[in-house]
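Participant: I'd like to ask some things about the structure below.
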Amino acid sequence: DGAQQSTYIVHMAKSQMPSSFDQHSLWYESSLKSASESAEMLYTYNNAIHGFATRLTPEEADSLMVQPGVISVQSEQQYELH
Amino acid sequence: TTRTPLFLGLEVHNAGLFPETGAASDVVIGVLDTGVWPESKSFSDEGYGPVPSTWKGECETGTNFTASLCNRKLIGARFFVTGYEKINGPVDESKESRSPRDDDGHGTHTASTAAGSVVEGANLLGFANGTARGMAYRARVAVYKVCWKPTCFGSDVLAGIDKAIEDNVNVLSISLGRRRRDYNNEIAIGAFSAMERGIFVSCSAGNDGPNPFSLSNVAPWITTVGAGTLDRDFPALVTLGNGKYYTGVSLFKGDALSSKLLPFVYAGNASNNATYGNFCFPGTLIPEKVKGKIVMCEKGVNVRVEKGEVVKAAGGLGMILANTAYEGEERTANAFLLPATTVGEKASDIIRHYAFTDPNPTASIVFQGTVVNVQPSPVLAAFSSRGPNPITPNILKPDLIAPGVNILAAWTGAVGPSGLASDTRRVEFNIISGTSMSCPHVSGLAALLKSVYPEWSPAAIRSALMTTAYNTYKDGNPIIDIATGIPSTPFEHGAGHVSPTTAVNPGLIYDLTTADYLGFLCALKYNSSLIRIISRGNYTCDPSKTYSVADLNYPSFAVNVDGSSTYKYTRTVTNVGGAGSYSVKVTSETTAVKISVEPAILNFKEVNEKKSYEVTFTVDSSKPSGSNSFGSIEWSDGKHVVASPVAISW
């Protein structure tokens, strides 16, 4: 399973957080669990973007994409020193 | 760095231009890179006051790194490794520190270039000796280690930017990028948020020159920095058996070769490997054919210092490394492990021919140390990535160039100057090249401007740096592109070479706000999701409004001819000097482009007054696709010259 997983950057519409949550991180986790029981949060981003990084299969990424408040699920990119 | 402060006019006679205390030491430069070697003298905090009260960062603990290694100079050190470890498994702590410690050298070099403390007697093996300092040597440094051997993962990079924003850095220096150029880019997205909070973000343009369309980090809210040379060189003279001699470049220090001529062989003629032998690739040289000789190797395939290692292992006594057409006459120096020198393309062709045609070729190499006042300088580095902008051709990139060739700055204690595992030498400073090196120069200069004008936006700082940059030598001749030997164009050098002593008094600035950049995204017809990602909000484009990339208030002009013969661009300048009357001077290198500006005179009575003008580019739309033409638009009140480059592409 691990071999199929990739790291994704998930962008969330922070303003769409349901009122039942009082912390964005909890909402992010709940959204992630809706798409994957086992996926873990690598990072929660509060300043550079609104969202988080996680490891998912392509199917889980598709499933997460249709969750309320999810704007996009983008594959992580790699960078090199110049 | 040594030499660059003098080269940029930041030495003693200009000391009064930038404050040395107070505001200057309140500026914090965040560096996203491979970490830091905190014991370097470049991070000494002697003479520094308390950490700025606005600072929220901290120093994290990990392998060979404790919070106590930070001080009043190095005020932040964090590492972001989760993304890396999820793919590669746990960091091998026997090879790399799972902490902010820099085991590579790159991060220590870039951080000290931007803001290193003053260190007297700095040199690499005796080369480039002098007093080293960062550009903003009074500024504070915070490092965010986001790169691990061998790469940097976007989730870690984004985490670094996220934390740097939270920590309250004022400048972000990012000397990394990616070759695949599209919209999915964590650096660009993260940099937008930084810009929105007033953080100046400078990024390296990339080392994929001299190919066109090879730029990285081209988002308009990023300052994109290409690379040029200094007026310093490290010559090494190659003498051939036929009496002819050629000057190469080298940082070799050790037992010199005998001054007498030694047998000389072309690597491809000392190898059974027809594909890689001429590159001195590991395992390809035949020791019997190399032993006791100087070997000529071609650039490419494997790294330069490794070629020297291969020659040495095969019994060779020295190496002549040949530039290809790619590097032209580029003179990037390397700390070789054996007597070796790099020669330009023209000399390479002659030396190669000699090796092939002389029945008993011989050669010698004599190392001549450090020379300064080399002219012309700067020249554009062949490796510096070039435009046109691969994503948005109507925004000219790179923005400007800065020193990026043979730059001395602080180094890690974990690896030798060649970076090779077999290199057991340890040095406090190293000399390396890349747009990675030019980027932190601009980061430091931006910090200096920030200390003088704390209220200026990132766009205003960039504007000051760009409009005061120069693109000719003192004799009026244009800056040369070392890749071709002919004048560089705005697609290579952007606005030109940075000139901090004039940037501090730019006269007029082209300012930009978050709303302007969002309007730019609307003009590009970004979909709502992309705009929401970047804006982190519910911003939507106004369907009743006409957005135009041409109206982004950028300090340069790029026109992408797409059938029409007339293009109108609007700009607004803000007066940051005194009252004055500015008149415009327009130049166009060909009759295929006519540039007119309306109005041609702008009168300012007070500071912060804004005036707009419209530029009309009338072009010969029938020119073949791929053609380029260049020009400039300069405003001057007699005291200031506010220059913008123009690039037209068909």
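One line per chain: the protein sequences are A and B, in this order.
Reminder that position 39 of the first sequence reads as 39 in the working numbering, one-by-one numbering, no gaps.
Heads up, the working numbering is the position in the second sequence plus 1000, with the first residue counted as 1.
Even glycine gets a Cβ: it sits at the ideal position worked out from N, Cα and C.
Let me confirm a value: histidine 1353 of chain B is counted as buried when at least 16 other C-beta atoms fall within 10 Å, else exposed. Which label applies?
Facilitator: Looking up residue 1353 of chain B in the second sequence gives position 353. Classification for histidine 1353 of chain B: exposed.
Participant: Taking the CB atoms as reference points, tell me whether threonine 1229 of chain B and asparagine 1406 of chain B lie closer together than 9 angstroms.
Facilitator: Here the question's residue 1229 of chain B lines up with position 229 in the second sequence. Here the question's residue 1406 of chain B lines up with position 406 in the second sequence. For threonine 1229 of chain B and asparagine 1406 of chain B, yes; Cβs fall inside 9 angstroms.
Participant: Note down the Cα distance separating methionine 1319 of chain B from proline 1282 of chain B, rounded to an integer number of angstroms.
Facilitator: Taking the second sequence and counting its residues from 1, one reaches residue 1319 of chain B at position 319. Taking the second sequence and counting its residues from 1, one reaches residue 1282 of chain B at position 282. Looking at the two C-alpha atoms, the distance is approximately 15 angstroms.
Participant: State the DSSP-derived secondary structure class of glycine 1107 of chain B, mapped to helix, strand or coil.
Facilitator: The sequence position of residue 1107 of chain B within the second sequence is 107, counting from 1. It is helical.
Participant: Which residues, in chain order, does the segment 1097 to 1130 of chain B contribute to contact with chain A at a C-beta distance below 7 angstroms?
Facilitator: Sequence-ordered contacts of the segment 1097 to 1130 of chain B with chain A read His1106 [C-beta pairs closer than 7 angstroms].
Participant: With a threshold of 9 angstroms between beta carbons, is aspartate 1 of chain A in contact with chain B?
Facilitator: Within the first sequence, the letter at position 1 stands for residue 1 of chain A. Below a pLDDT of 50, predicted positions are generally treated as unreliable, and aspartate 1 of chain A, at 45, falls in that range; no measurement from the model is reported.
Participant: Between which two residues does the beta strand (DSSP E) holding arginine 1078 of chain B run?
Facilitator: Walking along the second sequence from the start, residue 1078 of chain B turns up at place 78. Element bounds for arginine 1078 of chain B: 1074 to 1079.
Participant: Note down the Cα distance separating threonine 1223 of chain B from valine 1201 of chain B, rounded to an integer number of angstroms.
Facilitator: Mapped onto the second sequence, residue 1223 of chain B falls at position 223. Mapped onto the second sequence, residue 1201 of chain B falls at position 201. Rounded to whole angstroms, threonine 1223 of chain B to valine 1201 of chain B spans 6 angstroms at the Cα level.
Participant: Taking just the CA atoms, how far does proline 1361 of chain B sit from aspartate 1033 of chain B?
Facilitator: Taking the second sequence and counting its residues from 1, the one referred to as residue 1033 of chain B is at position 33. Taking the second sequence and counting its residues from 1, the one referred to as residue 1361 of chain B is at position 361. Each residue's Cα considered, the two are about 46 angstroms apart.
Participant: Check for me: the alpha helix (DSSP H) holding tyrosine 1084 of chain B runs from which residue to which?
Facilitator: As a position in the second sequence, residue 1084 of chain B is number 84, starting the count at 1. Per DSSP, tyrosine 1084 of chain B belongs to the alpha helix (DSSP H) from 1082 to 1088.
Participant: Look at the alpha carbon of aspartate 1 of chain A and the alpha carbon of aspartate 1516 of chain B, and state the distance between them as a whole number of angstroms.
Facilitator: Reading the first sequence from its first residue, position 1 is the one you call residue 1 of chain A. Reading the second sequence from its first residue, position 516 is the one you call residue 1516 of chain B. The predicted position of aspartate 1 of chain A is uncertain, since its pLDDT is 45 and thus under 50; a value taken from the coordinates is nonetheless stated next. If I take the Cα positions, the gap works out to 45 angstroms.
Participant: For the alpha helix (DSSP H) that aspartate 62 of chain A lies in, which residues bound it at each end?
Facilitator: Here the question's residue 62 of chain A lines up with position 62 in the first sequence. From DSSP, the alpha helix (DSSP H) with aspartate 62 of chain A extends over 58 to 65.
Participant: Suppose contacts are defined by Cβ-Cβ distances below 9 angstroms. Is asparagine 1430 of chain B in contact with proline 1440 of chain B by that definition?
Facilitator: Here residue 1430 of chain B refers to the residue found at position 430 of the second sequence. Here residue 1440 of chain B refers to the residue found at position 440 of the second sequence. Cβ distance not < 9 angstroms, so asparagine 1430 of chain B and proline 1440 of chain B don't count as in contact.
Participant: How is methionine 17 of chain A classed by DSSP in three states: helix, strand or coil?
Facilitator: Translated into the one-based positions of the first sequence, residue 17 of chain A becomes position 17. Note: methionine 17 of chain A maps to coil in three-state DSSP.
Participant: Less than 9 angstroms between the C-beta atoms of alanine 1227 of chain B and threonine 1435 of chain B, yes or no?
Facilitator: By 1-based counting over the second sequence, the position of residue 1227 of chain B is 227. By 1-based counting over the second sequence, the position of residue 1435 of chain B is 435. Closer than 9 angstroms, so yes.
Participant: Buried or exposed for isoleucine 1486 of chain B, going by 16 or more other Cβ atoms inside 10 Å?
Facilitator: Along the second sequence, read from residue 1 onward, the residue named residue 1486 of chain B stands at position 486. Classification for isoleucine 1486 of chain B: exposed.
Participant: Can you tell me whether asparagine 1538 of chain B is buried or exposed? The criterion is at least 16 other CB atoms within 10 Å of its CB, across all chains shown.
Facilitator: Working through the second sequence from its first residue, we reach residue 1538 of chain B at position 538. Here asparagine 1538 of chain B is exposed. Its C-beta has fewer than 16 other C-beta atoms within 10 Å.
Participant: Does threonine 57 of chain A get closer than 9 angstroms to chain B when you measure Cβ to Cβ?
Facilitator: In the first sequence, counting from the first residue as 1, residue 57 of chain A sits at position 57. Not an interface residue.
Participant: So who's on the other strand from asparagine 1575 of chain B, going by DSSP bridges?
Facilitator: Start at 1 with the first residue of the second sequence, and residue 1575 of chain B comes out as number 575. B:Leu1508, per the DSSP bridge assignment.
Participant: Can arginine 1072 of chain B and arginine 1003 of chain B be called in contact, C-beta distance under 9 angstroms?
Facilitator: By one-based count along the second sequence, residue 1072 of chain B stands at place 72. By one-based count along the second sequence, residue 1003 of chain B stands at place 3. Taking 9 angstroms as the Cβ cut-off, arginine 1072 of chain B and arginine 1003 of chain B do not qualify as a contacting pair.
Participant: Got a sec? Which residues, its chain only, sit under 6 angstroms from alanine 1063 of chain B by beta carbon, not counting five neighbours each side?
Facilitator: As a position in the second sequence, residue 1063 of chain B is number 63, starting the count at 1. Reading the sequence as shown, one finds threonine at residue 1063 of chain B and not alanine. Glu1093, Ser1097, Arg1098 and Ser1099.
Participant: Indicate the three-state DSSP secondary structure (helix, strand or coil) for leucine 1124 of chain B in the structure shown.
Facilitator: For this step, residue 1124 of chain B is matched to residue 124 along the second sequence. Here leucine 1124 of chain B sits in strand by DSSP.
Participant: Under a Cβ-count criterion, where at least 16 other Cβ atoms within 10 Å of its own Cβ denotes burial, should alanine 1579 of chain B be classed as buried or exposed?
Facilitator: On the second sequence, residue 1579 of chain B is found 579 positions in, with the first residue counted as 1. Classification for alanine 1579 of chain B: exposed.
Participant: Is the Cβ-Cβ distance between arginine 1101 of chain B and isoleucine 1391 of chain B less than 9 angstroms?
Facilitator: In the second sequence, residue 1101 of chain B corresponds to position 101, counting from 1. In the second sequence, residue 1391 of chain B corresponds to position 391, counting from 1. Result no, Cβ atoms of arginine 1101 of chain B and isoleucine 1391 of chain B do not sit closer than 9 angstroms.
Participant: Do the CB positions of methionine 1135 of chain B and leucine 1008 of chain B come within less than 9 angstroms of each other?
Facilitator: Looking up residue 1135 of chain B in the second sequence gives position 135. Looking up residue 1008 of chain B in the second sequence gives position 8. In this structure, methionine 1135 of chain B sits near leucine 1008 of chain B, with a CB-CB distance shorter than 9 angstroms.
Participant: Classify asparagine 47 of chain A as buried or exposed, calling it buried when 16 or more other Cβ atoms lie within 10 Å of its own Cβ.
Facilitator: The sequence position of residue 47 of chain A within the first sequence is 47, counting from 1. So asparagine 47 of chain A ends up on the buried side.
Participant: Can you give the Cα-Cα distance for proline 1050 of chain B and valine 1146 of chain B, rounded to whole angstroms?
Facilitator: By one-based count along the second sequence, residue 1050 of chain B stands at place 50. By one-based count along the second sequence, residue 1146 of chain B stands at place 146. Using only the alpha carbons, I get a separation of about 27 angstroms.
Participant: For valine 1157 of chain B, name the three-state secondary structure that DSSP assigns.
Facilitator: Residue 1157 of chain B sits at position 157 when you count from the first residue of the second sequence. Helix, per DSSP.
Participant: Against chain B, does tyrosine 28 of chain A count as a neighbour if the rule is that its beta carbon must be under 9 angstroms from one of theirs?
Facilitator: In the first sequence, residue 28 of chain A corresponds to position 28, counting from 1. False, the Cβ-Cβ gap to chain B never drops below 9 angstroms.
Participant: Report the rounded CA-to-CA distance for alanine 1335 of chain B versus valine 1305 of chain B, giving the unit in angstroms.
Facilitator: If you number the second sequence from 1, residue 1335 of chain B lands on position 335. If you number the second sequence from 1, residue 1305 of chain B lands on position 305. Rounded to the nearest angstrom, the two C-alpha atoms are 7 angstroms apart.
Participant: Roughly how many angstroms lie between the CA atoms of threonine 1332 of chain B and isoleucine 1075 of chain B, to the nearest whole one?
Facilitator: For this step, residue 1332 of chain B is matched to residue 332 along the second sequence. For this step, residue 1075 of chain B is matched to residue 75 along the second sequence. If I take the Cα positions, the gap works out to 33 angstroms.
Participant: For the putative contact between proline 1645 of chain B and proline 1490 of chain B, defined by C-beta atoms under 8 angstroms, what is the C-beta separation to the nearest angstrom?
Facilitator: On the second sequence, position 645 is the one that residue 1645 of chain B refers to. On the second sequence, position 490 is the one that residue 1490 of chain B refers to. That belief holds up - the Cβ atoms of proline 1645 of chain B and proline 1490 of chain B are roughly 4 angstroms apart, short of 8 angstroms.
Participant: With burial defined as no fewer than 16 other Cβ atoms inside 10 Å of the residue's Cβ, what is the status of phenylalanine 1356 of chain B: buried or exposed?
Facilitator: For the purposes of this step, residue 1356 of chain B is taken as residue 356 along the second sequence, with counting starting at 1. Phenylalanine 1356 of chain B comes out exposed.
Participant: Any beta carbon of chain A sitting closer than 9 angstroms to that of phenylalanine 1079 of chain B?
Facilitator: In the second sequence, the residue the question calls residue 1079 of chain B occupies position 79. Closer than 9 angstroms: no.
Participant: On the three-state DSSP scale, how would you describe aspartate 1 of chain A?
Facilitator: Against the first sequence, residue 1 of chain A aligns to sequence position 1. Since pLDDT at aspartate 1 of chain A reaches only 45, below the 50 mark, its modelled position is unreliable, and no value is offered.
Participant: Judging by CA-CA distance, which residue of B:Phe1018, B:Val1379, B:Asn1373 and B:Asn1471 is the nearest neighbour of tyrosine 1453 of chain B?
Facilitator: Indexing the second sequence from 1 puts residue 1453 of chain B at position 453. That would be B:Phe1018, whose Cα lies nearest to the Cα of tyrosine 1453 of chain B.
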